[in-house]
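Here the protein sequences line up with chains F and D, keeping their order.
According to our numbering, the residues represented by the first sequence are 1 to 1225, in order.
According to our numbering, the residues represented by the second sequence are 1 to 268, in order.
Written below as structure tokens is the structure these notes are about.
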Amino acid sequence: MQYRKDIGRVSTITNETKKSLSPIKAIIFDMDGLIVDTEIIESKSLEILLKQYGKKPIYHNNGLIHEVGHAGPEKFQAFKKKYAIKDTLEVFRNKKRKIFMELLQKKITVFPGFFSLVASLKKRKYKIGLASSRNSEHINFTIESIKAKDYFDVLVGPNENIKHKPHPDLFIEAAKQLNVDPKNCFALEDSEAGVTAAHAAGMKIIAIPNQYTKTHDFSKADKIIDSLEKVEEVLASFEKKDEINAQRIEVYATVFDTRADIRKKKFQMENKKVTGIEIADVYTIDKAFNKNELEKLGLALSNPVTQTITTKPQNKFAYAIEIGFLPGVTDNVANTTRETAEDLLKITFTNGENVYTSQTTFIAGSISKKEAIALAESLYNPLIQRMQIKNYEEYSKDGGMDITVPKVHLNHKPEISKVNLNVPDEELIKIGKEGIANSDGTRRGPLALDLLYMKTIQAYFKKLKRNPTDIELESLAQTWSEHCKHTIFADPIDEIKDGLYKTFIKGATQKIRKNKGTKDFCVSVFTDNSGAITFDDNYIITHKVETHNSPSALDPFGGAITGIVGVNRDTIGFGLGAKPVANFYGFCLADPRIDIPLYKGKNKTQKMLSSKRIMNGVIDGVNAGGNQSGIPTPQGFIYFDERFRGKPLVFAGTVGVMPKRINNKPAHIKKAEPDDLIVMIGGRVGKDGIHGATFSSQALDSGSPVTAVQIGDPITQKKLSDAIVKEARDLLLYNSITDNGAGGLSCSVAEMAKESGGCEVNLETVPLKYPGLEPWEIWISESQERMTLAVPAKNYKKFADLMQRRGVESTVIGRFTKNGKCVVKYDNKTIMDLDLEFLHNGLPQRPLKTTYKPTKNAEPKLVAKTNYAKDVISLLESLNITSFSFITQQYDHVVQAGLVLSPLQGRGRINAETSVFRPVLSSQKGVIMSQGLYPKYSDIDTYHMAAASLDTAIRNAVAAGANPDYIAILDNFCWTDSTNPARLGQLKRAAEACYDYAVAYGTPFISGKDSMFNDFKGFDQNGKPIHISIPPTLLVSAIGVINDITKSVSLDAKISGDLVYILGDTFDELGGSEYFSLLGDKTGNAVPKVDAEKNKKLYNAVYKAIEQELIASSISITRGGIATALAKKAIGGMLGLKISLKNIPGKTSSDTATLFSESQGRILVTIAPENKNAFEKIMKGNNVAEIGKVTNEPKIIVTNSKGNQIINIKLEEAAEAYRETFRDY
Amino acid sequence: MNKPKVIVLSGYGLNCEEETKLAFELNGAVGDIVHINDLIAGKYTLSDYQIMAIGGGFAYGDDTGAGNAYANKMRNHLWTDIETFVKSGKLVIGICNGFQILMNLGLLPALNMKYGKREMGLMPNAIPRYTVRFADLRNDNTTKSPWLKDIDTLSVMMSNGEGRLVADEKVMKEVNKKGVVAFRYYQGPTSDYLNLPYNPNGSIEDIAGLTDETGHVLGMMPHPERAMFFTQTADWGLVKEQLKRAGKPLPQFADGLKIFANAVEYFK
């Protein structure tokens, strides 16, 4: 049996005015197609039955044999006749019932939201009935098999006197038995016949069409929604009409509005009938304002030169769509509006009074309601937003859109429950997988604790002679989650007792630091929120790269913005607080140009967002997060593979800078002391992001909780960040600081408690976004923009005063202790009392086993060509090589005034794989950032995939001027299906390569993060189960320090007549290459292999040449091989190249391989002719060759070793191709 | 030597205060970064300074219109001080978000010296997306603004989402008549070099910045403080090669610094 794991009991209230209704007393459910998904079973049983009779079933367009919504003997009689069945109706029917019941027992699916809905209705004292056209035996059987009997006050089926739907009898009978007037009843229906019946009975109706009834006529329904999950919201809107005193301010543009224009163009791409768009910004003020106050505020919210405040759009329209946030979702504009109102009118919003924002889009054109809804759906995300639609007549009749107040109502007392662990293993497993059971039988959401962990916890509490409280169990689940403890990297694996991390990652760093001796530049590795290296005598720089994959799949904007502002906090939370000076991003996505629908739920329910929506969303998220925080984003990449369609990867990184010492105290060292106050600063706590840590430790499926997504508020964090790293830190007002990320307070406080030796928290003191949260929710909520600090009591007054003056909320929520305990209290009652030792180190090891089998792919046939121009053009247009300047240009990379080497280099604005910036403007030193990533190579061998990623990250940095002896690296493993020994085998090989190459290059890992379950488990467009695993991906990020920024080298060819050199060997290594992908997604086997010793020597020589300023331009050869590198160099400088492949070092068997092989360790440079001797002298002993010249003729010309011209492309054409793919994005 | 004092405002998401302060200090001024709440609370006094700068950023996340909420706060608490400051002949500069704030405060263009009246607006760019790129500016001002002394053209970075200036014909006529346009975008060396359209955001009559009629208040969308150093110019890699091969030294600074130098010079 499958059902949604509903989280908590948020009863959301959405108020609407202008409707009058009798009070709602009873809710009457239909059964089939509404509560349980039985249409397939019905059809399947008919299929079996007909086959028994030797008949061939005839299917309707929807793939079913029967007609949905129609039952009753007449219909069945007609059916019998259609198939010329000789048996009597009764025999025929009984046979069918038998088959049906059998099938039903095997697979019954309850629609999402049902259990939480009935539980809540019950709690709120509604009467609940069921009216179904099925016979009573069938109804009873079905309801009992889903264990829902107790929720219903009556179950009504047809009999001689009660006719089936569309007759109203069933509904009238149900109302009668419930002793409620039909007009006080709400009917829930999925079919036209049912709606007709309920309407005739005089009831109000909420229609919830399923996939088979989508095309039915629901015009008699009062509201049409797409899921049972939204029923309560609708009920509330009918119920609460009297309570409203909210008012709207609508702001319209009076001059050309670019936003409306762009939306018009976007809509017109989807629907040519759209002729015009107007947009209104709407502020709903849920507080009694007089007219004067409202006017004053309206004026402050608008600009009289460009906008007007009115109640009607300026232009005619056909439909109005209003989109706002769902209750509890962060509404940043509303927060600002509230502050503006308070400041302007000298008032305060109290007791639930608030402001909410929304936006109305008025669409002109002769479009149907269906088309209008389709357009609306392209605008909003139902996980976080609400939508209201009206046509012109409705809008005029109602006098505008309805007033909606999306207030969160949590009308129950917080309670602590004990979780009985003295239960059979099956129940332990269930608790671990689906969560703690609520009193109504629903579950709270994944703990992601397997049986071994559950048994360990069971044993611990047995020793304590008590059961855990819910908060204790939730807390353990957070701390022990894969997301937080990285158990797969920590546990023993095969013969490796210390696990992959200690052996290969940390082990490499230890060895390298030892090898470097006094030249070791590491300051802090692996122990803190970021890793840190020495910048100069006075400063250190930090770096950290995170992933935010699961949230980004569900809510791309929210996922990406919280990804970037979240990793900023890893900088602010490093040591005593570093200042973020550069952001980094990376998106792994599926081709946005094609849409292949995927569904999380059966029967095409819970549709995933399209790859284009995901791409636009994550791009916008990093835009908002990075730009608004005033942190430059000089470096990033996008990468495409079909296998990222189910789960995209979103990497977000931040480089920080901090002084080495503050008042002679090392700034990277922090320690909470016993008796220090535990202080939380920044945002407040809500239900957002509950179970984020445990949810991301599992595959994405239909049970993934919706509250796991959050929206960031960069300005709240900016205020916090400035107050900390620019002021409080330098006053040494606190002893320790860390961020609230995964696991919220439960992780941040418990982590810091390790420093002092214990903690005691008073949860009721934690400031909340809205009242009514359960203590366990407050403890683990991942609400954004919060840091936890250890502040000595004597400093608190000063600290609090500073925070208050900076508009940052700060609250004492407890104190650090040294008794070895993590104690949490609520209203003076101890609700959690765990030994820190057990909390942090109590989790048992789970030895892992791996398997490994070398892959053997089909080897693509190479066709020798006489002209490769077309191939080069195709590569320049291909997703993984083409320009993505539309992203670069919308991410501010120049703020803080430190940019040196731009992410768009040269006249031709080539997206570079390396950038350089100055973190400290008084120093000539610079920081260099680059990355390497080759998911495709994993299809051949993850060892070489990892080696290539490392080599590329390092080589990119070296090509731009980094000292190969002063580069640190970060690892981000994004793996898949990581309980599968074969996947673990791939992981082990990749980790081995990390060790081998990091040690060989002398580049220490300083920080890393892994994400092990990047899998999508759902259904394809035919409703078939599908499991999509991403290709195992390792992102290696490099960071280096260069002594003189003016020596850094960009990739663009500079001056005509300069000589072109290739450095490094080229081999027949097309395996996993972009060229093979171009040949129709081929992989091959000859993956590039890295010779670290040879490369290291070359990189040292390159560094020397750059130090002596002998290199005019330099590009590392990566995806697409020499051909792509040449094209980028030429387009970059808008200069021609004349190249011969005759002397290319290495060994290849064809021109194709020479041009497109992705052999590692190669750099393409240009030098001034007068530097030839000096350059060649430095390069001596390395495999390098002069291969041509930079020319003024605007062409890229390449001849092969026989002297035949094989490429002749006009520069302009190459540049066009390079910019074509994302031109209109 | 007389060192003019500069107050650089911060808080609520403004974010260029450090480099803006540096731009003044490189020219010999002394700067204080002051949080607006400290100014409101009287911990600092506006009249102690000769120059007020509001730099770029994202005050209040651009909610309710870029610069609007921060301007509301200033108007609610500091209006008298600001008006006095402006009318006493001191200098004010607003860059990017700072320009948006000055516009919302009605300090620009303040035609007929009507400080406080909003006459022009800054709207989302023609491509309604945050846009970061180089732009060429030409000085078109006739107010004898101290800020613009000896400046003909500038090549600087712009990065904004709402930088498209709009106004009605009547206002535009007046603006042109009074010569308060500080800068217009034009087809210059960097837009040529990078092959970019010269007007980056569709601003009316290519206007990139304004002064008031006295020339003492300057607001501009592009960032002169992001054109302080040689390595911040569009083509420094190429220019470096050319200079090196000609045996010439590399410059350290770039031409955006001149604006700040002018202001400091004015008080010396």
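C-beta atoms are modelled at their ideal positions from N, C-alpha and C, and glycine is treated no differently.
Asked: Segment contact, 8 Å Cβ cut-off, at least three pairs: the segment 672-690 of chain F with the segment 813-825 of chain F; Found: yes
Asked: Beta-carbon neighbours of LEU250/D, restricted to chain F and to distances below 7 Å; Found: THR1046
Asked: Closer than 7 Å to chain F by CB, GLY61/D; Found: yes
Asked: Bridge-paired residues (DSSP) for TYR599/F; Found: LYS607/F, PHE1019/F
Asked: Members of the segment 243-277 of chain F that neighbour chain D once the beta carbon cut-off is set at 9 Å; Found: VAL251, ALA253, VAL255, PHE256, ASP257, THR258, ARG259, ASP261, ILE262
Asked: Given 8 Å, three or more beta-carbon pairs between the segment 1068-1078 of chain F and the segment 1115-1124 of chain F; Found: yes
Asked: Length-filtered (3 minimum) beta strand (DSSP E) runs lying within the segment 219-274 of chain F; Found: 247-253
Asked: Where the alpha helix (DSSP H) through HIS944/F begins and ends; Found: 942-959
Asked: C-beta atoms of LYS418/F and THR469/F nearer than 7 Å; Found: yes
Asked: Counted within 10 angstroms of its Cβ, other Cβ atoms place TYR59/F as buried (16 or more) or exposed; Found: exposed
Asked: Where THR851/F falls: helix, strand or coil (DSSP); Found: coil
Asked: Residue-chain proximity (SER159/D, chain F), Cβ-Cβ < 7 Å; Found: yes
Asked: Interface positions of the segment 871-891 of chain F facing chain D (Cβ-Cβ less than 9 Å), listed along the chain; Found: PHE886, THR888, GLN889, GLN890, TYR891
Asked: Neighbouring residues, chain F, relative to ALA254/D (Cβ below 9 Å); Found: None at all; the shortest Cβ gap to chain F is about 11 Å.
Asked: Through-space distance from LYS829/F to TYR115/D, alpha-carbon basis; Found: 60 Å
Asked: Chain D residues whose Cβ lies nearer than 9 Å to that of LEU899/F; Found: MET157, ARG226, THR231, GLN232
Asked: Classification of HIS1027/F by the beta-carbon crowding that lies within 10 angstroms, buried from 16 upward; Found: exposed
Asked: From GLU322/F, LYS346/F, LEU299/F, ILE471/F, residue whose alpha carbon lies closest to that of GLU774/F; Found: ILE471/F
Asked: Minimum Cβ-Cβ distance from LYS73/D to chain F less than 7 Å; Found: yes
Asked: Short Cβ contact (7 Å threshold) for SER783/F with ILE690/F; Found: no
Asked: Among ILE99/F, ASN159/F, ASP37/F, the one whose alpha carbon lies nearest that of GLN211/F; Found: ASP37/F
Asked: Chain F within 7 Å of ILE7/D, Cβ atoms only; Found: no
Asked: Same chain, Cβ closer than 6 Å to SER136/F, neighbours up to 5 away in sequence not counted; Found: GLY157
Asked: Rounded Cβ spacing between LEU1035/F and PHE644/F (contact assumed at less than 8 Å); Found: Wrong, their Cβ atoms sit about 13 Å apart, outside the cutoff.
Asked: Other residues of its chain near ILE778/F: CB distance less than 6 Å, five sequence neighbours each side excluded; Found: VAL685, LEU763, VAL766
Asked: Element boundaries [alpha helix (DSSP H), containing PRO775/F]; Found: 775-780
Asked: Proximal residues to PHE838/F (C-beta, below 7 Å), its chain only, five neighbours per side dropped; Found: TYR460
Asked: GLY906/F to LEU1079/F span [Cα, whole Å]; Found: 31 Å
Asked: Reference SER736/F, options ILE40/F, GLN717/F, PRO792/F, closest by Cα; Found: PRO792/F
Asked: Three-way DSSP call (helix, strand, coil) for GLN804/F in this model; Found: helix
Asked: Counterpart residues of MET172/D in DSSP-defined beta bridges; Found: DSSP, once it has assigned bridges, lists no residue as partnering MET172/D.
Asked: Rounded straight-line distance, which links the Cα of ILE910/F to that of GLY1057/F; Found: 21 Å
Asked: 7 Å Cβ cutoff, ALA246/D in contact with chain F; Found: no
Asked: Any alpha helix (DSSP H) of 4 or more consecutive residues that is wholly inside the segment 1089-1150 of chain F; Found: 1092-1107, 1121-1133
Asked: Range covered by the alpha helix (DSSP H) that runs through ASN332/F; Found: 332-345
Asked: Neighbourhood of ILE93/D by C-beta distance below 6 Å, restricted to the same chain and skipping five residues each side; Found: ALA53, LEU218
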